[in-house]
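Right, one structure below, let's go through it.
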Amino acid sequence: MLNRLNDFRSESTAERAAPSGQRAPTTPNLAEVRGYDEEALMVLAEVGYRYLQNGGYRLAKIYFDGLSAVKPDEPYFWMARGLVAERQGDLHQAKTFYAHAMTLSPFDARPELNLAEIEHVSGSRERATIHLESARAKALRSGEPQLVARANALLALTKRNPVRARGVS
Numbered sequence: 003m004l005n006r007l008n009d010f011r012s013e014s015t016a017e018r019a020a021p022s023g024q025r026a027p028t029t030p031n032l033a034e035v036r037g038y039d040e041e042a043l044m045v046l047a048e049v050g051y052r053y054l055q056n057g058g059y060r061l062a063k064i065y066f067d068g069l070s071a072v073k074p075d076e077p078y079f080w081m082a083r084g085l086v087a088e089r090q091g092d093l094h095q096a097k098t099f100y101a102h103a104m105t106l107s108p109f110d111a112r113p114e115l116n117l118a119e120i121e122h123v124s125g126s127r128e129r130a131t132i133h134l135e136s137a138r139a140k141a142l143r144s145g146e147p148q149l150v151a152r153a154n155a156l157l158a159l160t161k162r163n164p165v166r167a168r169g170v171s
């Protein structure tokens with residue numbers, strides 16, 4: 003599960019935002035208005051990620067909540083918030099965060115794959131399948147064979163293995 007986030011943080015926001023170097027227009031965020039250094043924000047994100055890796059979910063949540071408030075247009079922070087919420091058992095909140103990351107990075111398959119996994123474990127096989135097929139198409143377009151393989155594996159699992167809902171609609 004951490005690989006989902008680790009792979010995501012290795013790319014810049016602009017690389018995930020649009021294919022072929024296209025950039026979506028953005029409005030200034032608090033980080034830009036206040037002049038916060040991008041490198042410093044990513045160092046803080048690394049600290050939050052380390053807490054997440056080592057089970058310090060409460061502290062990881064504090065870091066990523068703050069980072070997403072300072073720079074709300076960074077999908078990595080929303081992905082991390084989703085993973086923290088998922089680890090804390092709040093699947094409804096995790097879905098919300100992954101869905102927001104999808105809006106910030108519409109050509110990236112990762113947030114949609116994560117959302118699809120939650121839909122699957124929640125018993126929403128149809129929604130999981132829709133998200134998985136969309137994520138697979140995104141991964142194919144962006145040339146990411148590992149994500150295509152992950153989507154294919156999850157699609158096969160979703161089609162043959164219904165699960166009992168864990169309280170999320």
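Numbering-wise (this note's numbering), the sequence shown opens with residue 3 and increments by one.
Ideal Cβ positions, reconstructed from N, Cα and C, are used throughout, including at glycine.
Check, Outcome
"Closest by C-alpha distance to ARG89, when choosing among ARG112, SER107, PHE109 and ASN116", "ASN116"
"Helix, strand or coil at GLU146 according to DSSP, with G and I counted as helix", "coil"
"Exposed unless 16 or more other CB atoms sit within 10 angstroms - verdict on PRO147", "exposed"
"Element boundaries [alpha helix (DSSP H), containing GLU76]", "GLU76 -> no alpha helix (DSSP H), and no H or E assigned at all."
"Nearest neighbour of GLU135, chosen from SER126, ALA153 and ASP67 [CA to CA]", "ALA153"
"7 Å Cβ shell around HIS102 - same chain, five flanking residues per side excluded", "TRP80"
"Nearest residue (CA-CA) to ASP75, options GLY145, VAL86, PRO108 and LEU61", "PRO108"
"Three-state secondary structure (DSSP) of TYR38", "coil"
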